[in-house]
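Residue numbers (numbering that gives the first Met the number 0): 0 to 213. This report concerns only the one structure given below.
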Amino acid sequence: MKELKNRLIAIAMEKINGTDSSHDFTHALRVLKNAERIASCEGGDLEIIIPAALFHDIVVYPKNDPRSKFESDESAEVAKKILINVNEYSSDKIIRVMQVIREHSFRKGIKPKMIESKIIQDADKLEVTGAIGVMRTFSSTGQMKRKFYHDGDPFCKKRIPDSRRFGMDLFYDRLLIAKDRMNTKTAREIAEKRTEFLQGFLEQVREELFGITY
Numbered sequence: 000m001k002e003l004k005n006r007l008i009a010i011a012m013e014k015i016n017g018t019d020s021s022h023d024f025t026h027a028l029r030v031l032k033n034a035e036r037i038a039s040c041e042g043g044d045l046e047i048i049i050p051a052a053l054f055h056d057i058v059v060y061p062k063n064d065p066r067s068k069f070e071s072d073e074s075a076e077v078a079k080k081i082l083i084n085v086n087e088y089s090s091d092k093i094i095r096v097m098q099v100i101r102e103h104s105f106r107k108g109i110k111p112k113m114i115e116s117k118i119i120q121d122a123d124k125l126e127v128t129g130a131i132g133v134m135r136t137f138s139s140t141g142q143m144k145r146k147f148y149h150d151g152d153p154f155c156k157k158r159i160p161d162s163r164r165f166g167m168d169l170f171y172d173r174l175l176i177a178k179d180r181m182n183t184k185t186a187r188e189i190a191e192k193r194t195e196f197l198q199g200f201l202e203q204v205r206e207e208l209f210g211i212t213y
């Protein structure tokens, strides 16, 4: 298994060459690490989980690109082309990997059924929690030329979050609620701990902007 995993990682390193730092090769490695951690408690077939984690975002478009809604389907097709040339993968296994990749996208509101799909979706969702979540949020904020926060109400006290315009609004419509949308107990526990970091980050921003009495 270790030798196969290393071969798949080498392929991913070669194939993933996008400029989006939120969906680059290191993102794939983090999702793989998350998935292996979850699977160690929840079960699942690692021969399916490992390639699904590595290739789940092998096709990525800018967030405001209308093609972005097809990313998971296109990533599944690319994964198929890769795995056809890996001897350990039968047609049945490739189909299962493709299904997991198609089901991982939580933007589509998909509720996965297979344990491997649940694990990959959770492993990817964990990327919006904790310190990595903060890094990815403000990386995409810069790429999309959004403001860091709303000048008059940065913490969404009296308005609906609008993450298309303000980076910090993403905390309220995705980052802080990710823990409640996990499929597995293991991922939920990890996310709850990381959410404490997110809340601490917002408290620090609040103090730096307004003082602790805000």
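Even for Gly, the Cβ is constructed at its ideal location relative to N, Cα and C.
- [ ] Classify Lys62 as helix, strand or coil using the three-state DSSP reduction.
- [x] Reading the sequence shown from its first residue, position 63 is the one you call residue 62. Residue state for Lys62 is assigned as coil, using DSSP reduced to three classes.
Task: Beta-carbon contacts of Gly132 that lie in its chain and below 6 Å, excluding the five residues immediately before and after - done: The residue you call residue 132 lines up with position 133 of the sequence shown. Only Leu174 meet the Cβ criterion.
Open item on the list: Could you compute how far the alpha carbon of Phe170 sits from the alpha carbon of Asn86?
Closed with: Counting from one through the sequence shown, the residue named residue 170 turns up at place 171. Counting from one through the sequence shown, the residue named residue 86 turns up at place 87. Approximately 43 Å between the Cα atoms of the pair.
- [ ] Note down the Cα distance separating His22 from Glu126, rounded to an integer number of angstroms.
- [x] The residue given as residue 22 occupies position 23 in the sequence shown. The residue given as residue 126 occupies position 127 in the sequence shown. Taking the straight line joining both Cα atoms gives about 10 Å.
- [ ] Thinking Lys178 and Thr128 are a contact (beta carbons under 8 Å), I'd like their distance in whole angstroms, please.
- [x] One-based indexing of the sequence shown puts residue 178 at position 179. One-based indexing of the sequence shown puts residue 128 at position 129. 7 Å between Cβ atoms; contact.
Open item on the list: Here's the rule I'm using: 16 or more other beta-carbon atoms within 10 Å means buried, otherwise exposed. How should Asn182 be labelled?
Closed with: Counted from its first residue, the sequence shown places residue 182 at position 183. So Asn182 counts as buried.
Task: Beta-carbon proximity check, Ser71 vs Arg101, cutoff 9 Å - done: Residue 71 sits at position 72 when you count from the first residue of the sequence shown. Residue 101 sits at position 102 when you count from the first residue of the sequence shown. Yes.
Open item on the list: Quick check: what's the CA-CA separation for Ala9 versus Ile119?
Closed with: Your numbering for residue 9 matches position 10 in the sequence shown. Your numbering for residue 119 matches position 120 in the sequence shown. C-alpha separation (whole angstroms): 20 Å.
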